[in-house]
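K.L.:
Chains as they are written, first to last, in the working numbering: chain A, 1 to 229; chain B, 230 to 501. Using N, Cα and C, we set each Cβ at its ideal position, and we do this for glycine too. First the structure, then my questions, so here it is.
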């Protein structure tokens, strides 16, 4: 497979790279073992064994209470399992399932071929039911983003800002920046957000529609008051 | 079957859902099937409402060429507006810089879909003579886009012309006439086979349409969250309804995706 991503992953592992999101990775024979950070000191015999990338994809679909988990970077990946993967290709696939596009976002951001798309640019290109998101006010966007994307909801680093220049006032600096250490240094792989997600897009639509309804209701009430029947 | 493409990646694009856990599953399943064939250097999925997004998945591609196959049931808003916009496509083939993208037709409009529909119909009402069966192919339907019903109307015409023995073959929709809610008056045979022309057993095909048919009084939980998928047949209005799972969950759909790629190579691929 011609893969710059797989070779970068191999370099990162060779340098002792062992952490991404809530997962730790350790060499195991000629392959790899994955487990949740919370299980780092657990007896492997006490953990549920998993043996394929597809099993990890299914695991990552649900939280510990059995609720659907549409956002893979939410800090609620269940613990209590240990996955054995035989080779680099299956490890790459497993990581793509656990944290979709995280490896690619990181590597393309490091080499400068991917950049973040601002909230305004994302909302202004929408059509159909999401076209209305272009009408969101700066203050609404600041409030929505900082209340939706904080680490309690999502572990990604928010690298896009409001309009290409205006940063988010409500985030600490380390939430809106990422370490630029090369794979060969083996540092934890950061989860980068270069394009805002469909969950935030949907929430922005609700924010704008709610405000427009409130404005419309207020206008109707004022009109009724001005011309009583 | 297509020949191996060791320098080509494949991206299957699905709608996905932030609410329904079953929406993206068929797309992942078909990707698994095609990945196991080893025909492509890489196989990825991308979704409008799930991760990875269309913009993200392009960063995952390491190959000089990529086929983008919409796992959608018809031409329409998503295949003609959203997907080209999000991938930055300008036509059938687009040079995106690090890779050249080939954009195929959506899987649901390929002629191979006919054999999947007939297979589903035969399986769901096994042992029932076709002459005593009405076949309904049901879709969403919307007044907003004529294309959303075209794929279904085309399949109905093809199956009628095949004279396979059904008492009748009709199309019906959730939101435009002929309405699936009127199934009892639209059909005449004692057995009614209903095949949802949808990609997944998601909100519409698993939860909404059974209510419109009268099989359920209110929407059930999602398919993956209940123990029994269906208890066919359902006895309603003195007739038997046999309701199948969505056509997009049929494992053979992975072959239709490859057929769609072969059709692209034959009809649209630029000369090397």
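1. Classify residue 109(A): buried if its beta carbon has 16 or more other beta carbons within 10 angstroms, exposed otherwise.
2. Between residue 113(A) and chain B, is there a C-beta pair that is closer than 8 Å?
3. Based on DSSP bridge pairs, tell me the residues matched to residue 27(A).
4. Let me see if you follow: with CB-CB separation under 8 Å, is residue 489(B) close to chain A or not?
5. If the cut is a Cβ gap below 7 Å, which residues of chain B does residue 61(A) touch?
6. Output the distance between the C-alpha atoms of residue 115(A) and residue 306(B), rounded to the nearest integer angstrom.
7. Have a look at residue 474(B) and residue 434(B) and give me their C-alpha separation to the nearest angstrom.
8. For residue 397(B), list the residues DSSP reports as bridge partners.
9. Can you pull the chain B residues whose beta carbon is under 7 Å from the beta carbon of residue 54(A), in chain order?
10. Under 8 Å between beta-carbons, which chain B residues line up against residue 128(A)? List them in chain order, please.
11. Could you tell me which of 380(B), 379(B), 280(B) and 466(B) sits nearest to residue 71(A), measuring between CA atoms?
12. What is the residue span of the alpha helix (DSSP H) that residue 138(A) lies within?
13. Jot down the residue ranges of each uninterrupted alpha helix (DSSP H) in the region 270-318 of chain B, minimum 4 residues, whole runs only, in chain order.
14. Any idea which residues DSSP pairs residue 322(B) with across the strands?
15. Note the first and the last residue of the continuous beta strand (DSSP E) segment covering residue 162(A).
16. Sort out for me which residues DSSP pairs residue 469(B) with in a bridge.
17. Have a look at the DSSP bridge pairing and note the partners of residue 193(A).
18. Mind checking residue 485(B): buried by the 16 CB within 10 Å criterion, or exposed?
19. Using DSSP with H/G/I as helix, E/B as strand and the rest coil, what is residue 337(B)?
20. Any beta carbon of chain B sitting closer than 8 Å to that of residue 72(A)?
21. Helix, strand or coil: how does DSSP classify residue 214(A) here?
22. Please list the residues of the region 276-292 of chain B that have a C-beta atom closer than 9 Å to any C-beta atom in chain A, keeping them in chain order.
23. Would you kindly check if the distance between the Cβ of residue 368(B) and the Cβ of residue 402(B) is under 8 Å?
24. Going along the chain, which residues of the region 310-340 of chain B sit with their C-beta nearer than 9 Å to a C-beta in chain A?
25. Where does residue 202(A) fall in DSSP's three states?
26. Where do the N-terminal and C-terminal ends of the beta strand (DSSP E) with residue 85(A) fall, by residue?
27. So, do the region 95-103 of chain A and the region 35-46 of chain A have three or more beta carbon pairs nearer to each other than 8 Å?
28. Is it right to say residue 425(B) is buried, meaning 16 or more other beta carbons lie within 10 angstroms of its own, or is it exposed?
29. How close, in whole Å, do the beta carbons of residue 422(B) and residue 362(B) come, if the pair is a contact with beta carbons under 8 Å?
30. Name the DSSP bridge partner or partners of residue 237(B)?
31. Can you give the Cα-Cα distance for residue 2(A) and residue 272(B), rounded to whole angstroms?
32. Which chain A residues sit within Cβ distance under 9 Å of residue 257(B)?
33. Please list the terminal residues of the continuous beta strand (DSSP E) segment that includes residue 49(A).
34. From what residue to what residue does the alpha helix (DSSP H) around residue 436(B) run?
35. Going by Cα to Cα distance, which pick from 398(B), 299(B), 312(B) and 313(B) is closest to residue 347(B)?
P.N.:
To lay it out plainly:
1. buried
2. yes
3. 32(A)
4. no
5. 250
6. 27 Å
7. 8 Å
8. 363(B)
9. 261
10. 306, 310 and 311
11. 280(B)
12. 138-148
13. 283-289 and 312-316
14. 331(B)
15. Residue 162(A) -> no beta strand (DSSP E), and no H or E assigned at all.
16. 420(B) and 464(B)
17. 158(A)
18. buried
19. helix
20. yes
21. helix
22. 276, 277, 278, 279, 280, 281, 282, 284, 285, 286, 287, 288, 289, 290, 291 and 292
23. yes
24. 310, 311, 314, 315, 326 and 327
25. helix
26. 81-85
27. no
28. buried
29. 5 Å
30. 294(B)
31. Model confidence at residue 2(A) stands at a pLDDT of 38, short of 50, so the residue's coordinates are unreliable; what they give is reported in the following sentence. Each residue's Cα considered, the two are about 13 Å apart.
32. 54, 57 and 97
33. 48-50
34. Element bounds for residue 436(B): n/a, residue is neither H nor E.
35. 398(B)
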